[in-house]
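In the numbering used here, the protein residues as written are 1 to 249.
Ideal Cβ placement from N, Cα and C applies to all residues, glycine included.
Given the structure is predicted, the values throughout are model-derived calculations rather than measurements.
I have placed the structure first, in the form of structure tokens, so that the comments after it can refer back to it.
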Amino acid sequence: MDISARTVLIVGGTTGIGRGLAQRFLDAGSTVTVGGRNTEQVEGADGLETVRVDVTDPASILAARDEVLAKHPDLDLVVTMSGVMLTEDLRDPGHITQAETTIAVNLLGTIRVIDAFTPHLIGRGAGDIITVSSGIGFLPFPLMATYGASKAAVHSYTESLRAHLAGTGVGVTELIPPAVANAGQEKLNPNALPTGDFLDEVIGLLTRTPTPKEIVVERAASLRWAERDGTYAELLAARSQSLSNLPGR
Ligand SMILES: NC(=O)c1ccc[n+]([C@@H]2O[C@H](COP(=O)([O-])OP(=O)(O)OC[C@H]3O[C@@H](n4cnc5c(N)ncnc54)[C@H](OP(=O)(O)O)[C@@H]3O)[C@@H](O)[C@H]2O)c1
């Protein structure tokens, strides 16, 4: 994928991985808009445009789409980066609040943002969608149960989306990050990959021709392929140890 002459929207690009990815596209010469609820976090960042959007609110997504397409009728890349990573204690039914938020943002938010832009991208006959799942979608981290379920769903949805869009000129790529050191992951996991190192590897893979259908950095490979490699049960048992951090366990 070319990253130097794109017109990009990264929904969920106001902080963390999305913000870093936005900078990489911008530095390479692309025009980049980042979306999120808290766009003030990005104000003043040279060259980055912003759009306010809450992916749990369908009207907000449509308003953001209209605003972005009015300014950038040549938009040709949409990244669905918005996500929340919430821990849950499944012994306490009160966890449903976290579960509902997780599904609303990570899964329904992803689907709604894609739906908002597919007519435009298909109409152009060229463009790309990048979805964002997680290594946890392939190998659960039981402390974040619904998070893992939402990302497994994003993976499955992405596979179907690619099939639906075949022949339209719109490519679909799935970014599968391992633990990356932001959004609290640096506290949960001391081995989380520094964001800059992660993005270096992502850009290296993303710019390959043809564009890989999945962007799996080296650190994510053991999660992505655990089932195939026969390491799933052992790794899941190790990752379940973190449940002992829950109160009363
Ligand atoms: N960090 C990791 O270890 C890791 C690992 C695997 C996958 N991922 C995935 O990578 C993506 C980015 O994560 P990150 O680590 O960079 O986390 P982050 O820094 O917390 O970024 C999350 C982004 O999502 C946006 N967002 C959250 N709720 C939203 C809502 N209701 N509407 C619109 N935007 C919303 C936030 O923007 P506002 O606050 O401005 O709304 C922010 O831009 C997520 O999908 C995450 O699940 C992360």
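*What residue does the beta strand (DSSP E) around G127 start on, and which one ends it?*
Translated into the one-based positions of the sequence shown, residue 127 becomes position 127. G127 -> beta strand (DSSP E) spans 127-132.
*In angstroms, rounded to a whole number, what distance separates the CA positions of T173 and I61?*
For the purposes of this step, residue 173 is identified with residue 173 of the sequence shown, where counting begins at 1. For the purposes of this step, residue 61 is identified with residue 61 of the sequence shown, where counting begins at 1. Taking the straight line joining both Cα atoms gives about 21 Å.
_In whole angstroms, give me the CA-to-CA distance for R91 and N245._
Translated into positions along the sequence shown, residue 91 becomes position 91. Translated into positions along the sequence shown, residue 245 becomes position 245. Rounded to the nearest angstrom, the two C-alpha atoms are 14 Å apart.
*asked:* For R112 and E234, what's the separation of their Cα atoms in angstroms?
replied: Mapped onto the sequence shown, residue 112 falls at position 112. Mapped onto the sequence shown, residue 234 falls at position 234. Distance between the alpha carbons of R112 and E234: 36 Å.
*Does ligand 1 have a heavy atom nearer than 7 Å to the CB of V55?*
As a position in the sequence shown, residue 55 is number 55, starting the count at 1. Yes, since a heavy atom of ligand 1 falls inside the 7 Å radius drawn around the Cβ of V55.
*Reduced DSSP category for I215 - H, G, I as helix; E, B as strand; rest coil*: Start at 1 with the first residue of the sequence shown, and residue 215 comes out as number 215. The answer is strand: DSSP assigns I215 an E or B state.
*Name, in chain order, the residues that DSSP records as bridge partners for L161.*
Within the sequence shown, residue 161 is the residue found at index 161, counting from 1. DSSP lists no partner for L161.
*In the structure shown, what three-state DSSP assignment does V84 receive?*
On the sequence shown, position 84 is the one that residue 84 refers to. In the structure shown, V84 sits in coil (DSSP, three-state: anything other than H, G, I, E or B).
*Segment contact flag, the stretch 190-205 with the stretch 154-165, C-beta cutoff 8 Å, min 3 pairs*: no
*Assuming I136 contacts Y147 under a Cβ cut-off of 8 Å, what Cβ separation, rounded to an integer in Å, is found between them?*
Within the sequence shown, residue 136 is the residue found at index 136, counting from 1. Within the sequence shown, residue 147 is the residue found at index 147, counting from 1. Contact flag correct, Cβ pair sits at about 6 Å.
*Under 8 Å between the Cβ atoms of T211 and I17?*
Mapped onto the sequence shown, residue 211 falls at position 211. Mapped onto the sequence shown, residue 17 falls at position 17. No; because the gap between Cβ atoms is not below 8 Å, this pair is not in contact.
*asked:* Quick check: does the Cβ of T7 come within less than 7 Å of any heavy atom belonging to ligand 1?
replied: Locating residue 7 in the sequence shown gives position 7, counting from the first residue. Answer for T7: no, Cβ out of range of ligand 1.
*Validate contact between the stretch 27-40 and the stretch 84-103 using beta carbons, cut 8 Å, 3 pairs*: no
*Hey, could you find the ends of the beta strand (DSSP E) R37 is sitting in?*
Position 37 of the sequence shown, counted from the start, is the residue given in the question as residue 37. Taken as a continuous stretch (DSSP letters only), R37 belongs to no beta strand (DSSP E), as it is neither H nor E.
_Distance CB(S82)-CB(G125) smaller than 8 Å_ = Here residue 82 refers to the residue found at position 82 of the sequence shown. Here residue 125 refers to the residue found at position 125 of the sequence shown. Not closer than 8 Å, so no.
_Checking the sheet assignment: what are the DSSP bridge partners for T15?_
Within the sequence shown, the letter at position 15 stands for residue 15. DSSP output for T15 lists no bridge partner at all.
_Looking at the strands, I want to know which residues DSSP matches up with G171._
Counted from its first residue, the sequence shown places residue 171 at position 171. In the DSSP output, where bridge partners are listed per residue, G171 has D128.
*Drop a sphere of 10 angstroms on the beta-carbon of S160, count the other beta-carbons inside from all chains shown, and report buried for 16 or more, exposed for fewer.*
Position 160 of the sequence shown holds residue 160. Exposed, because fewer than 16 other Cβ atoms sit within 10 Å of the Cβ of S160.
*How many angstroms separate the CA atom of E218 from the CA atom of H72?*
Residue mapping note: residue 218 aligns to position 218 of the sequence shown, counting from 1. Residue mapping note: residue 72 aligns to position 72 of the sequence shown, counting from 1. Spanning the two alpha carbons is a distance of roughly 35 Å.
*Tell me which same chain residues have a C-beta within less than 8 Å of the C-beta of A220, skipping the five on either side of it?*
Reading the sequence shown from its first residue, position 220 is the one you call residue 220. Excluding positions up to five away in sequence, the list reads G135, I176, P177, P178.
*Check T207 in the structure and name its three-state DSSP category.*
Counting from one through the sequence shown, the residue named residue 207 turns up at place 207. Correct three-state label for T207: coil.
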